[in-house]
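In what follows, a single structure is set out as structure tokens and then discussed.
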Amino acid sequence: MEMEQMYTYKCTKCGKLHHPRYIVCQNPDCDGREFEKIPLEGKCRLLTWTRVYNLPEGYMCPWLNFGIVEFENGVRATGQIGFDEGIESGMELIATVGIVKEKTILYKETVVAPQHGFIFQKA
Amino acid sequence: MRSVGIVGIGHTKFGKSEVPFMDMVCDAALQAMDDAGAKTGRNNVIDQVFVGTMGAGMVNRISGTASAVVDTLNIRPAMAETVENGPASGASAIKLGFMAIASGMCDCVLIIGAEGMRAVTGWEGTDFVATMLHPESEYKYGATLPAFAGMFTRLCMDKYGLESKDLSIVSVKNHANACKNPCAHIHSRVVLERITNPAYINATNPIVADPLRQFDMCPVSDGAAAVLLVAEDKKDALGFGDKKFVKIAGMGSATDTHVVANREVPSDLLAVRLSAKMAYEMAGVGPEDIDVAELHDAFQILEIAESEEVGFFKRGEGHLAARNGETALTGKKPVNTSGGLKAKGHPLGATGVSQVVELVRQLRGEAGERQVEGAKTGLAVNFGGFGNNVVSTVLTTK
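If you read the sequences in order, they're chains A and B.
Counting in this note's numbering, the first sequence runs from 17 upward without gaps.
Counting in this note's numbering, the second sequence runs from 3 upward without gaps.
Put into structure tokens, the structure is as follows:
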């Protein structure tokens with residue numbers, strides 16, 4: 017179940033929230049290296065989006081929608097948008113977690129290892 | 003710091019290469035050496051070779067490219083390193099050559115930028131380019147460079163009132179310039195009405211990454227370009243005394259967040275602004291002194307945004323300048339006279355070197371039909387990742 021939860025990473029020294037995971041705190045006035053994992057979920061606002069038709073190797077679908085959102089705690093994240101109709105910048109969404117890639121292609125090997133990530137849905 | 007300049011240039015025809023990758027690389031290198039009069043074998047004076055390439059190892063199955071070049075060209079025992087900095091690999095290689103000479107470690111450095119992207123299928127190539135995105139928060143979602151360009155474009159549209167037609171105007175301009183460049187990938191004049199008319203736009207100019215359409219982004223190209231750098235104080239002694247010397251007056255590079263979502267202002271290109279500022283300061287010039295520029299238009303929105311970030315136009319007004327023809331060949335601030343990445347092509351590692359080759363041609367007065375009259379000072383901006391690593395270069399003959 018660990019893989020199916022997305023997190024924000026709170027610096028234990030200064031409290032800055034991060035997504036994704038960093039090695040060193042991104043606050044220019046902090047040198048923290050320890051982070052507390054806090055579930056990142058719930059309401060968010062869509063800042064911008066796109067629908068892409070030329071997908072990379074490994075995606076057997078005609079298009080995918082992508083968006084950048086901002087959560088209520090100020091953390092931003094990129095993810096897939098799980099619906100096609102009525103997408104508009106500024107709209108409120110709900111962040112869910114699902115399989116965003118069915119398999120990972122490695123050189124001369126195919127490893128079936130589903131990747132979990134954000135799929136934004138209508139609020 | 004020693005004065006460093008360019009005495010030789012080489013450039014293959016961009017597009018689908020008909021020769022193996024290493025032949026293409028060496029073709030550009032020999033063109034630059036012949037242009038300068040540099041010799042091979044016992045008479046070689048090249049101390050160092052840098053090859054900028056993003057994917058020779060991954061796409062062409064050739065690693066250690068620079069070492070192979072030195073041997074193939076018979077310029078051993080010159081030092082050799084391959085440079086990988088995404089699509090900014092070419093300008094990074096030039097920066098390292100500049101630093102090597104400026105520091106006094108070398109007197110003469112050969113730079114080659116090259117990419118053989120057409121060796122793989124389109125979707126393999128798309129995946130290869132996307133590997134420069136953040137692995138956990140971007141790449142794993144299937145996001146690509148066109149995806150981020152699409153999202154960036156929408157932000158600029160929302161904020162500045164930019165329209166889809168503005169991107170097409172830039173595209174038409176660059177295709178027209180490419181028709182005057184024998185090395186360009188695409189030699190087709192594009193008519194604005196044909197790619198913007200709502201009646202058939204989805205047939206002639208389909209959406210690729212909404213709101214971006216096919217003519218809003220560059221093609222996939224093979225190609226190589228090369229420059230020969232020399233210390234001004236050794237130019238005569240090394241046998242380049244009668245060659246036109248185009249001085250590298252300033253270089254700058256800067257980075258931004260790897261994760262695009264974490265940019266302080268997501269509609270800005272901070273690394274472009276900072277790298278150009280650094281290059282201007284080193285050269286002792288400002289944007290008003292630039293006669294001609296090559297800006298990294300992998301997507302047409304980038305030419306517009308970069309023209310603002312380097313100080314040619316106010317933020318949010320670059321598209322208005324393009325509408326008014328200010329960036330056209332005969333405009334006040336000609337941009338991408340080569341045809342840009344849009345039409346000249348964008349073989350990733352070659353692009354940064356190709357931009358500098360175009361500026362050298364312009365500053366030497368050798369650009370033929372696309373010559374900007376009286377051009378003395380030029381700016382090149384080579385953009386890596388989705389703007390997280392940018393290299394800017396100012397060249398001058400003043």
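Backbone N, C-alpha and C define an ideal beta-carbon position, used for all residues, glycine too.
Candidates the options, of which the one nearest residue i by Cα
i        : options                                   : result
B:Asn199 : B:Ser166, B:Lys175, B:Ser223 and B:Ala186 : B:Ser166
A:Lys53  : A:Gly106, A:Leu109, A:Lys26 and A:Ala129  : A:Lys26
B:Ser255 : B:Lys400, B:His321, B:Ala273 and B:Val312 : B:Ala273
B:Thr379 : B:Glu371, B:Glu360 and B:Phe150           : B:Glu360
A:Glu73  : A:Glu118, A:Ile135 and A:His132           : A:Glu118
A:Leu6   : B:Asn384, B:Gly144 and B:Gly12            : In the structure as shown, chain A starts at 17 and stops at 139, and residue 6 of chain A therefore has no counterpart that could be examined.
A:Glu104 : B:Arg63, B:Val72, B:Arg156 and B:Gln50    : B:Arg156
A:Thr24  : A:Gly98, A:Gln96, A:Gln131 and A:Glu57    : A:Glu57
B:Arg78  : B:Val85, B:Arg63, B:Arg265 and B:Asn45    : B:Asn45
A:Ile115 : A:Asp100, A:Leu109, A:Gly133 and A:Glu108 : A:Gly133
B:Asn183 : B:Ala345, B:Leu365 and B:Asn384           : B:Ala345
A:Tyr38  : A:Cys30, A:Lys29, A:Glu50 and A:Asp45     : A:Glu50
Buried or exposed by the 16-neighbour rule on C-beta atoms within 10 Å, applied to residue i
i        : result
B:Val21  : exposed
A:Gln137 : exposed
B:Ser105 : exposed
B:Asn207 : buried
B:Val267 : exposed
B:Met219 : buried
A:Met76  : exposed
A:Glu20  : exposed
A:Val40  : exposed
A:Pro130 : exposed
Contact belief for residue i with residue j at Cβ below 8 Å, rounded distance in angstroms
i        : j        : result
B:Val396 : B:Ala285 : 4 Å
B:Val53  : B:Thr67  : 5 Å
B:Asn338 : B:Ala90  : B:Asn338 to B:Ala90, Cβ: 17 Å. No contact.
B:Ala352 : B:Ala178 : That belief does not hold up - the Cβ atoms of B:Ala352 and B:Ala178 are roughly 22 Å apart, past 8 Å.
B:Ser190 : B:Ala281 : Going by Cβ atoms, the distance from B:Ser190 to B:Ala281 rounds to 33 Å, so no, they are not a contact pair.
B:Gly57  : B:Glu117 : 6 Å
B:Asn151 : B:Leu214 : With the sequence shown as reference, residue 151 of chain B is identified as Ala, and Asn is not the correct amino acid for it. With a Cβ gap of about 6 Å, B:Ala151 and B:Leu214 count as contacting.
B:Ala324 : B:Ile96  : About 27 Å separates the two Cβ atoms, so there is no contact after all.
B:Leu194 : B:Val174 : 5 Å
A:Thr94  : B:Ala300 : Not quite, the Cβ-Cβ distance comes to about 19 Å (not below 8 Å), so this is no contact.
B:Ala278 : B:Glu328 : About 18 Å separates the two Cβ atoms, so there is no contact after all.
B:Phe217 : B:Val192 : 7 Å
Whole-angstrom distance between residue j and residue i, CA atom to CA atom
i        : j        : result
B:Ala80  : B:Thr74  : 12 Å
B:Glu234 : B:Ile103 : 10 Å
B:Val122 : B:Val61  : 7 Å
B:Lys246 : B:Ala40  : 14 Å
B:Lys18  : B:Ser223 : 6 Å
B:Gly88  : B:Gly347 : 16 Å
B:Gly10  : B:Ala38  : 4 Å
A:Asp47  : B:Glu138 : 22 Å
B:Val374 : B:Gly252 : 21 Å
B:Ile114 : B:His187 : 18 Å
B:Leu231 : B:Gly386 : 23 Å
B:Glu319 : B:Ala307 : 9 Å
B:Gly163 : B:Asp238 : 54 Å
B:Asn326 : A:Val68  : 31 Å
B:Cys181 : B:Arg372 : 9 Å
A:Lys59  : A:Lys32  : 20 Å
A:Ile135 : A:His35  : 15 Å
A:Met107 : B:Cys185 : 46 Å
B:Ala30  : B:Val355 : 11 Å
B:Gly341 : B:Glu296 : 9 Å
B:Asp168 : B:Phe242 : 45 Å
B:Val72  : B:Thr55  : 15 Å
A:Ile84  : B:Asn204 : 26 Å
B:Gly12  : B:Gly313 : 30 Å
B:Gly99  : B:Ser5   : 12 Å
A:Thr28  : B:Ala377 : 56 Å
A:Gln42  : B:Val229 : 38 Å
A:Glu18  : A:Pro55  : Summary for A:Glu18: the model assigns pLDDT 47, below 50, so the residue's position carries little reliability, and this model does not support an answer.
B:Gly92  : A:Ala139 : 46 Å
Per DSSP, the bridge partner or partners of residue i
i        : result
B:His136 : DSSP output for B:His136 lists no bridge partner at all.
A:Tyr25  : A:His34 and A:Lys53
B:Ser394 : B:Gly254 and B:Val383
B:Val6   : B:Ala233
A:Gly137 : For the sequence presented, residue 137 of chain A should be read as Gln rather than Gly. Answer by DSSP bridge pairing, in chain order: A:Ile110.
B:Met81  : B:Gln50
A:Cys60  : A:Phe87 and A:Leu109
A:Trp65  : A:Gly83
B:Cys110 : B:Val232
B:Val337 : B:Ala295
Check: residue i C-beta below 6 Å from any heavy atom of the ligand ATP
i       : result
A:Phe51 : The ligand ATP is absent from the structure shown, which contains no ligand whatsoever.
Output, in sequence order along the chain, the residues in the stretch 60-79 of chain A whose CB is closer than 8 Å to any CB in chain C. Protein chains in the displayed structure are A and B, and chain C is not among them.
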